[in-house]
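Chains as they are written, first to last, in our numbering: chain A, 253 to 419; chain B, 613 to 1067.
A virtual CB, placed ideally from N, CA and C, is assigned to each residue, including glycine.
Treat the numbers as computed from the prediction; the structure is a model and nothing was measured.
This report concerns only the one structure given below.
This is how it looks when you write it as structure tokens:
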């Protein structure tokens, strides 16, 4: 468009008012959930806009990581901190993890485990050829996680059966 | 060290690289178009030169990043005569063409851009695909200084990689660069690309319709729920869409304005498309091939065929640099893409088409009113004006849809509700560009202009 009207004009003002109304309706008017522009804006932009100040007070990168990934970072961090040098840890199947988590237990994928806490001697549940190398196993309960080893208090065969049943 | 100074330095060098490359190609467009395009082109060119460093076994460090950016910025200046013309246009005194309603829209968009950029800086990488693939490779590359790192050699990941770490390298290399610059989670560049591209879309819309209509269409585009979400989430699809759509718009504008320079510039973005998602080579091949008769109407068949050859050449070059050269000569392991190829089956194709329409396109939670508004305007325009113009954006919409359906049919890993859903990012901007170019929008635009000018 090559013709440019004056910056300030009555008709320009009318169009500006219409624009403000359109934007307000798009962003704010819920219409009982029918306006998905508003709900999406609220979930993606409005929410962060409202909480910007309080969120910015959390300055630790680790804490932000935890806020986003919660148990998916907490469990691998615990495991990595408690592994012994001789441990080869068997990552349980995701279905086993899902039983104790509100979100998908993506940490059971060795790629996500490595992304969360770096590389450690772990074996994926799906890696059937290397599974027998494992000598350390993750045990989850409703509010606990620990590493079980052979000849310890936990019956490993029962645990592996539980892994299987989770599938 | 603060990331601010390295960020400003690298962004400046990338902008110079892109701006000079567009100048070398003699691209003449408004600054609201060339500035975001320069940034997008600069990102692409810088990732290519950074990748060349990786091919030469140069350790990928901050020094390498800065040196490769400097070389990338310097290289197009070989064509100084062309480049200096572009610089002259950059420093010309700007004409104030904004209206009051533009300022309102820019205020809202500026706020959205601020929050999205903040979110991409504040939050860690979230999508599973990115954590299991591009960002996993990027994190380890920063640690080891090479793309050929433990992700591909560690026994814990042997046989577990799937295809995510092998995705086309643009996003992974950008993650490496931004992590090297000092950003804890990288990914700030995602919103820079998203809003740079949005600026280009805004500029394109304003070139074709009255600013008021352009602003309405632009806001509808920007607020499209799924697009808005991925303007700060690390995935390859949105970035890929930025390259594909930019290329398509340049092809259209090149043919419409009979400017060959825009056609040549489109090859740069076509290459960027193939550098940012592997299946793009199929999609852009279909779209460019279908556009050729319309390009030939604006130019000669000879120019058209040369263009087709150059486009095919650069796309194949970047595609092969990663998928053939790097995979075979550098990486110790390879993706299992061949096993995922399941061949074309017509019943599966119809199933993919039906699922796409019923479960993805019709989902207003993903696209709000975008497809509904498009279909309505398309039908009303076709019935009332008996015109389908602008034809090239329409061709790109159809070709991308068909291309995505083919991909969904022949690749077992391409799931309609995920892969094809995000593949539609390439279609959505074209829908708004098409709407702006329709005869109906043109008539409304003319009437609005006359009314606003008081005639």
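Between the stretch 793-801 of chain B and the stretch 864-878 of chain B, do at least 3 Cβ pairs fall closer than 8 Å? No, the stretch 793-801 of chain B does not touch the stretch 864-878 of chain B.
Please name the residue in B/806, B/776 and B/917 whose C-alpha comes closest to that of residue 651 of chain B. Of the candidates B/806, B/776 and B/917, the one whose C-alpha sits nearest the C-alpha of residue 651 of chain B is B/806.
Kindly give me the distance between the Cβ atoms of residue 1002 of chain B and residue 948 of chain B, rounded to whole angstroms, as I take these residues to be in contact under 8 Å. About 41 Å separates the beta carbon of residue 1002 of chain B from that of residue 948 of chain B, a gap too long to meet the 8 Å contact definition.
Opposing strand residues paired with residue 398 of chain A [DSSP bridges]: Partner(s): A/391.
Where does the unbroken alpha helix (DSSP H) through residue 971 of chain B begin, and where does it stop? No alpha helix (DSSP H) contains residue 971 of chain B, which DSSP labels as neither H nor E.
Along chain B, in chain order, which residues have C-beta atoms closer than 9 Å to that of residue 373 of chain A? Those within 9 Å of residue 373 of chain A in chain B are 767 and 768.
Kindly indicate if chain A contains any beta-carbon less than 8 Å away from that of residue 976 of chain B. Closer than 8 Å: yes.
3-residue-minimum beta strand (DSSP E) runs that sit fully inside the stretch 943-987 of chain B, ordered along the chain: Counting whole runs of 3 or more residues, the stretch 943-987 of chain B contains no beta strand (DSSP E) stretch at all.
Suppose the cutoff is 6 Å on Cβ atoms and the five residues either side in sequence are ignored; what does the same chain contact list for residue 830 of chain B look like? Hits under 6 Å: 814 and 817.
Taking the alpha helix (DSSP H) that residue 743 of chain B falls in, what are its first and last residues? Element bounds for residue 743 of chain B: 740-744.
Exposure label - residue 704 of chain B; buried when at least 16 CB within 10 Å: Residue 704 of chain B should be labelled exposed.
I want to see whether chain A comes within less than 8 Å of residue 791 of chain B, judged by CB atoms only; does it? Residue 791 of chain B has a beta carbon lying at 8 Å or more from every beta carbon in chain A.
Quick one: residues in its chain with C-beta nearer than 7 Å to the C-beta of residue 721 of chain B, no 5 flanking neighbours on either side, listed in chain order? Once the five neighbours on either side are set aside, the close Cβ partners of residue 721 of chain B are 834.
Residue 690 of chain B classed as buried or exposed, judged by whether at least 16 other C-beta atoms fall within 10 angstroms: Looking at its Cβ environment, which holds fewer than 16 other Cβ atoms inside 10 Å, residue 690 of chain B is exposed.
Residue 944 of chain B: buried (16+ other C-beta within 10 angstroms of its C-beta) or exposed? So residue 944 of chain B counts as exposed.
Tell me whether the stretch 727-738 of chain B and the stretch 836-849 of chain B touch, counting them as touching only if at least three CB pairs, one residue from each stretch, are closer than 8 Å. Yes, they touch.
Please classify residue 1064 of chain B as buried or exposed, where buried requires at least 16 other C-beta atoms within 10 Å of its C-beta. Taking a 10 Å sphere around the C-beta of residue 1064 of chain B, we find 16 or more other C-beta atoms and assign the residue as buried.
Would you kindly work out how many angstroms separate the C-alpha atoms of residue 928 of chain B and residue 887 of chain B, rounded to a whole number? Each residue's alpha carbon lies about 10 Å from the other.
Closest by CA to residue 699 of chain B, which one among B/788, B/642 and B/918? Considering only alpha carbons, the answer is B/642.
Just to make sure I have the definition right: I need the residues of chain A whose C-beta is within less than 7 Å of the C-beta of residue 827 of chain B. Which are they? Within chain A, the residues near residue 827 of chain B are 271.
Tell me whether the stretch 994-1014 of chain B and the stretch 924-940 of chain B touch, counting them as touching only if at least three CB pairs, one residue from each stretch, are closer than 8 Å. Using a Cβ-Cβ distance cut-off of 8 Å, the stretch 994-1014 of chain B and the stretch 924-940 of chain B are not in contact, since fewer than three pairs of beta carbons, one from each stretch, lie closer than that value.
Spatial neighbours of residue 892 of chain B within its chain, please: CB distance less than 7 Å, with the 5 preceding and 5 following residues excluded, ordered by chain position. The answer, listed in chain order, is 852, 856, 885 and 886.
Within the 8 Å Cβ cut-off, does residue 379 of chain A reach chain B? It does; some Cβ of chain B falls within 8 Å.
Residue 820 of chain B to residue 1061 of chain B span [Cα, whole Å]: Between the alpha carbons of residue 820 of chain B and residue 1061 of chain B lies a distance of about 12 Å.
Report the neighbours of residue 748 of chain B on chain A: residues whose CB is nearer than 7 Å to its CB, in chain order. Around residue 748 of chain B, the beta-carbon contacts reaching into chain A at under 7 Å are 363, 366 and 367.
Spell out whether any CB of chain A is found under 8 Å from the CB atom of residue 1052 of chain B. By this cut-off, residue 1052 of chain B is not an interface position.
Helix, strand or coil, according to DSSP, for residue 690 of chain B in the structure here? Of the three classes helix, strand and coil, the one that applies to residue 690 of chain B here is helix, per DSSP.
Could you give the C-beta distance for residue 978 of chain B and residue 1033 of chain B, rounded to a whole number, given that I count them as a contact under 8 Å? The Cβ separation is near 7 Å, so the contact holds.
Considering only C-alpha positions, which residue in the set B/911, B/882 and B/848 is nearest to residue 868 of chain B? Residue B/911 holds the alpha-carbon nearest to the alpha-carbon of residue 868 of chain B among B/911, B/882 and B/848.
Inter-residue Cα distance where the pair is residue 675 of chain B and residue 644 of chain B: Approximately 32 Å between the Cα atoms of the pair.
Three-state secondary structure (DSSP) of residue 374 of chain A: Reduced to three states, the DSSP call for residue 374 of chain A is strand.
Minimum Cβ-Cβ distance from residue 850 of chain B to chain A less than 8 Å: Output row for residue 850 of chain B: interface = no.
How long is the line joining the alpha carbons of residue 678 of chain B and residue 621 of chain B, rounded to whole angstroms? If you take the alpha carbons of residue 678 of chain B and residue 621 of chain B, they lie about 8 Å apart.
Within chain B, the residues that residue 264 of chain A reaches when beta carbons sit closer than 8 Å: Here the neighbours are 711, 712, 713 and 1064.
Quick one: using the 10 Å Cβ neighbour count with 16 as the cut-off for buried, is residue 780 of chain B buried or exposed? Residue 780 of chain B comes out buried.
Simplified DSSP assignment, three categories, for residue 911 of chain B: In the structure shown, residue 911 of chain B sits in coil (DSSP, three-state: anything other than H, G, I, E or B).
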